[in-house]
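Counting from 1, position 6 in the sequence shown corresponds to residue 531 in our numbering; the numbering is continuous, with no gaps. First up is the structure itself, then whatever we jot down about it.
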Amino acid sequence: MTEALRDEVATQITEELLELANDGDQLASLKLGQTYTQLFVAPDFKSA
């Protein structure tokens with residue numbers, strides 16, 4: 526998977542979850558936070 530594809534998918538998922546969260550879906554709010562953590566934060570294994 527290329528970085529550009531990953532970013533595109535992450536953006537699409539984020540937009541969909543954000544729309545659901547804004548409509549009051551509490552589970553979507555949780556998933557949105559998890560998505561940010563998993564897709565936008567690159568692990569730093571050297572520091573671990």
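In this text, a Cβ means the ideal position worked out from N, Cα and C, and glycines have one as well.
Exercise. By DSSP, does SER572 sit in helix, in strand, or in coil?
Worked result: On the sequence shown, position 47 is the one that residue 572 refers to. Coil at SER572, not helix or strand.
For this session: For TYR561, I'd like the list of residues in its chain whose CB is within less than 8 Å of its CB, leaving aside the five on either flank, ordered along the chain.
Result: Taking the sequence shown and counting its residues from 1, the one referred to as residue 561 is at position 36. Result list for TYR561: THR539, in chain order.
Exercise. Over what stretch of residues does the alpha helix (DSSP H) that includes LEU530 continue unbroken?
Worked result: Residue 530 sits at position 5 when you count from the first residue of the sequence shown. First-last of the alpha helix (DSSP H) with LEU530: 528-547.
Problem set entry | Neighbour-count burial assignment, LEU557, 16 or more Cβ in a 10 Å radius | Residue numbering aside, residue 557 sits at position 32 when the sequence shown is read from its first letter. It is buried - the Cβ of LEU557 has at least 16 other Cβ atoms within 10 Å.
For this session: Go ahead and label LEU542 buried or exposed: buried means 16 or more other beta carbons lie within 10 angstroms of its beta carbon, across all protein chains shown.
Result: Locating residue 542 in the sequence shown gives position 17, counting from the first residue. Classification of LEU542: buried, given that the 10 Å Cβ count is 16 or more.
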